[in-house]
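Protein sequences, first through last, are from chains A and B. Last residue of the first sequence: number 366 in UniProt numbering, and the count goes up by one each step with no gaps. Last residue of the second sequence: number 366 in UniProt numbering, and the count goes up by one each step with no gaps. What follows is a set of notes on a single structure, which appears directly below.
Number of protein chains: 2
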Amino acid sequence: MTDRDVPPSAAPAPDPGAGVVISVDAMGGDRGPAAVVAGMAESASKNPDIRFIVHGDETELRRLVGRRKALAGRCDIRHAGGVVTMDDKPSQVLRKGDGTSMWSAIESVKTGEAGAAVSCGNTGALMALSMLRLRKLPGVNRPAIACLWPSLNPQGFNIMLDVGADIRADAHDLLQYALMGASYARNGLGLSQPRVGLLNVGTEEHKGRAELKQAQDLILAATDAGKFDYVGFVEGGDLPSTRVDVIVTDGFTGNIALKTGEGTAKLVGTLLKDAFANSIMSKFAALLAMTSLKRLQKRIDPRRVNGGIFLGLNGTIVKSHGSADATGVSAAIKLAFTLASSGFQDRLAARVAQAAASAPGTEAAS
Amino acid sequence: MTDRDVPPSAAPAPDPGAGVVISVDAMGGDRGPAAVVAGMAESASKNPDIRFIVHGDETELRRLVGRRKALAGRCDIRHAGGVVTMDDKPSQVLRKGDGTSMWSAIESVKTGEAGAAVSCGNTGALMALSMLRLRKLPGVNRPAIACLWPSLNPQGFNIMLDVGADIRADAHDLLQYALMGASYARNGLGLSQPRVGLLNVGTEEHKGRAELKQAQDLILAATDAGKFDYVGFVEGGDLPSTRVDVIVTDGFTGNIALKTGEGTAKLVGTLLKDAFANSIMSKFAALLAMTSLKRLQKRIDPRRVNGGIFLGLNGTIVKSHGSADATGVSAAIKLAFTLASSGFQDRLAARVAQAAASAPGTEAAS
């Protein structure tokens, strides 16, 4: 009998060396709790240091978790009868969401029991509940969602934010996104001095919106305090490039860019499949190239870059794609684990507070 | 001796059946006039109905055109000593641009000698000069640049506008983009009843910017007069989809989306090449699949979807990529030819004027 077989109630007290706890909202995703629990099991089998608090219907979760050996003794189940659906409006969830698995999952981060939370649920509701329960970090006006973008950089990914937390952002918000994105790049991607760029319609000084020029001045003045380099304006074509590590933009533009990139990659994938299904010869070629094609698919597979991070709150929340399968959920959990074990949350808070104190143009949190 | 050998000065008077004249700015592209003349020759060899007025350094053009049999007797050379460079600011070009090949190329459209003009030069300068010399169509407040987007629709492309003529657009501007984009889809892509969508961060009614909701109401009210269907809000992932034919957005968002899509397609292409170069087996597979891969490349090759159309002016201007080679220039010329021979300009003007007269919310041209 291994220690994995110890039932949850008899689990030993958390051991700092072997116990990063991730809070998981099992409900609300398009594929239901089975996919989420499968993703947890995938993570647990790869990572001996992870433990879970999982939130949702207790009977169902007990059944699903009981089937997974990798989860035995590493999973604390918290019953929550309510589910936030994809159609629920954030304003409704704020009023009546306190019995839901989403609310409960955030609560485990608020109380400090978990180092980060993961949910596949409704993005707007998750952000609204997270803001309500965790509150904004001092110095942050608008929280942001940061995504990973496949790139040709050695780390394999660039970071873009905001991709949809808020459709507006003024110059001060964009400065905060630069600080938070740089901190995320340091702790999530291991880059000691990340390069930050501001998304615009041209790289020339005179082009683009007035607030972007103002943001550029603020960001330039914060490079020393924020420990990052500023590379200037970047364009849509630079998102996967080696010119930049962190791309800063407002949530409207960032969301359009994110979905355009995903849509284009999907289109090319479809056309590629059609091309290989075209003749006997090309079908044979596809067989021969299978390993290489799989490696490519892995590189651009959106499931493997799954996980938007909410930045600017008192706690780390990872938003997984609503349609994530076990592989996708496992990728989001891995990201939550990396950030929770790096002490990211405290470092981010310190960085933002320091910049708010040193830069006279930066407003305190409203 | 065929009629192609008749020297330009002795060319017969334009014959309506065999004489759609395209005005070409030979200078200002990244690859110089040789690539432009090569593209003209490629078009001429495929299309017996096309004729050219080409603008630039006469000595050089005479030499380049003289080498191309396909252009013999079909090319009127107009000397222009000045060149608009990629670094010239639009404001400078407006003041001092009247001796340039770009100015001269637009002038041939203004006088009615040519049905459309093509330039590989500086986009900002080309738009500024086109607005100065051709003037805006009555009923149009902001002209737009429309691009073609590879899609899964039967026509192979969707249309998106504005992709960078103006970084602002209010609700009335977006309505005009819908009308102009639908007219372009009818005449350029042969769609009798195009489906128009408005780019937003969600498809739900309550999401996105306030001016988009206002624009949606105006566009819905104009579907009958504009002979198009309105499909509602669309997202970045819908750009290559079969849900929509014409995507309407402001020039800032459209430019970011365009360049993000191009950048993503390029990234996937690079990774695909790497994948096939990975092993002996995969190199052999690439050889076997060559025909299929070439077909795919052709489908997503940006050179073959080359040509942004300026909409909302008294004349049709096609902006080719600055780095276009002969294939790219030829694609832009083909688009100019299709629009010039369809009577697009007059139909677009009539459509915009009719909508301006019937919709009380639409302002007359300023």
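Just so you know, even glycine gets a beta-carbon here, dropped at the ideal spot from N, CA and C.
Minimum C-alpha distance to residue i - residue among the options
i	options	result
Phe310 (chain A)	A:Gly251, A:Asp245, A:Ala72, A:Gly208	A:Gly251
Val21 (chain B)	B:Ile333, B:Thr123, B:Ser279, B:Asp346	B:Ile333
Leu198 (chain B)	B:Thr253, B:Ala165, B:Ala340	B:Thr253
Ala289 (chain A)	B:Lys89, B:Phe284, B:Gly322, B:Trp103	B:Phe284
Ser151 (chain B)	B:Ile247, B:His172, B:Ser108	B:Ile247
Lys213 (chain B)	B:Ser341, B:Thr316, B:Val234	B:Val234
Thr249 (chain B)	B:Asn314, B:Leu174, B:Ala221, B:Asp88	B:Leu174
Ser108 (chain B)	B:Glu262, B:Met281, B:Asp25	B:Asp25
Gly156 (chain A)	B:Leu267, B:Thr59, B:Ile167	B:Leu267
Ala353 (chain A)	A:Ala35, A:Gly188, A:Val140, A:Asp162	A:Val140
Ile317 (chain A)	A:Val118, A:Ala146, A:Thr260, A:Ala169	A:Val118
Lys69 (chain A)	A:Thr59, A:Ser45, A:Lys294	A:Ser45
Val84 (chain A)	A:Gly328, A:Gly322, A:Gly343	A:Gly322
Gly124 (chain A)	A:Leu189, A:Gly190, A:Gly164	A:Gly164
Cys120 (chain A)	A:Lys96, A:Arg209, A:Gly29, A:Leu148	A:Gly29
Ile167 (chain A)	B:Ile219, B:Asn278, B:Gly208	B:Gly208
Glu262 (chain A)	A:Leu189, A:Glu60, A:Asn306	A:Asn306
Ser342 (chain A)	A:Gly188, A:Asp57, A:Trp103	A:Gly188
Ala128 (chain B)	B:Thr111, B:Asp98, B:Gly202, B:Leu71	B:Asp98
Proximity test, Cβ basis, 9 Å: residue i and chain A
i	result
Asn255 (chain B)	yes
Arg209 (chain B)	yes
Val93 (chain B)	no
Lys213 (chain B)	no
Thr2 (chain B)	Low confidence applies to Thr2 (chain B): its pLDDT is 36, below 50, so where it sits in the model is not reliable enough to give any reading.
Arg223 (chain B)	One detail in the question is off: residue 223 (chain B) reads as Thr in this sequence, not Arg. It does not; no Cβ of chain A falls within 9 Å.
Pro14 (chain B)	Per-residue confidence for Pro14 (chain B) stands at a pLDDT of 43, beneath the threshold of 50, marking its modelled position as unreliable; the derived number appears in the next sentence. No, its Cβ sits nowhere closer than 9 Å to a Cβ of chain A.
Thr249 (chain B)	yes
Leu126 (chain B)	no
Residue i: contacting residues in chain A (beta-carbon distance under 7 Å)
i	result
Pro240 (chain B)	Gly263, Thr264, Leu267
Val201 (chain B)	Gly164, Ile167, Phe252, Asn255, Ile256
Lys259 (chain B)	Glu235, Gly236, Gly237
Residue environment, residue i, which counts as buried when at least 16 other CB atoms sit within 10 Å
i	result
Thr100 (chain B)	buried
Ala357 (chain B)	exposed
Pro33 (chain B)	buried
Ile50 (chain B)	buried
Arg74 (chain A)	buried
Thr242 (chain B)	exposed
Ile106 (chain B)	buried
Gly81 (chain A)	exposed
Ile280 (chain B)	exposed
Lys294 (chain A)	exposed
residue 380 (chain A)	Not covered by the structure: residue 380 (chain A). The range shown for chain A is 1 to 366.
Ala169 (chain B)	buried
Ile154 (chain B)	Checking the sequence, you will find Pro at residue 154 (chain B) rather than Ile. So Pro154 (chain B) ends up on the exposed side.
Thr59 (chain A)	exposed
Same chain, Cβ closer than 7 Å to residue i, five either side skipped, listed in chain order
i	result
Arg351 (chain A)	Leu179, Ser183, Gly226
Glu113 (chain B)	Val21, Ile53
Asn314 (chain B)	Leu134, Arg135, Leu137
Ser330 (chain A)	Gly39, Glu42, Ser43
Gly236 (chain A)	Ala257
Where residue i meets chain B, residues with beta-carbon distance less than 8 Å
i	result
Arg295 (chain A)	Ala275, Asn278
Pro154 (chain A)	Per Cβ cutoff of 8 Å: no residues; Pro154 (chain A) is ~14 Å from chain B at best.
Leu288 (chain A)	Met281, Ser282, Phe284, Ala285, Leu288
Own chain, CB closer than 8 Å to residue i, minus 5 neighbours either side, in chain order
i	result
Asn47 (chain B)	Lys334, Phe337
Ala13 (chain B)	Confidence at Ala13 (chain B) is low in this model, with a pLDDT of 44, below 50, so the placement of that residue should be treated as unreliable; the coordinate-derived value is given next. Nothing listed; no residue qualifies.
Neighbour flag for residue i against chain B, beta carbons, 9 Å
i	result
Thr270 (chain A)	yes
Ala285 (chain A)	yes
Thr291 (chain A)	yes
Pro150 (chain A)	yes
Leu348 (chain A)	no
Residues near residue i by beta carbon distance below 6 Å, same chain, minus five either side
i	result
Arg195 (chain B)	Asp229, Val231, Val244, Asp245
Ser91 (chain B)	none
Gly19 (chain A)	Arg51
Gln345 (chain A)	Thr316
Residues that residue i contacts on chain B, provided the C-beta gap is smaller than 9 Å
i	result
Pro143 (chain A)	Ordered by position in chain B, no residue passes the 9 Å Cβ test against Pro143 (chain A), which lies about 16 Å from the chain.
Contact set between residue i and chain B, taken where Cβ atoms lie within less than 7 Å
i	result
Ser43 (chain A)	Those do not exist, as Ser43 (chain A) stays about 26 Å from chain B at its closest Cβ, beyond 7 Å.
Residue i: CB within 8 Å of a non-hydrogen atom of the ligand MG
i	result
Ser130 (chain B)	Ligands displayed in this structure: none; no statement on the ligand MG is therefore possible.
Against chain E, which members of the stretch 302–333 of chain A pass a CB distance test of less than 9 Å? The displayed structure is made up of protein chains A and B, and chain E is not among them.
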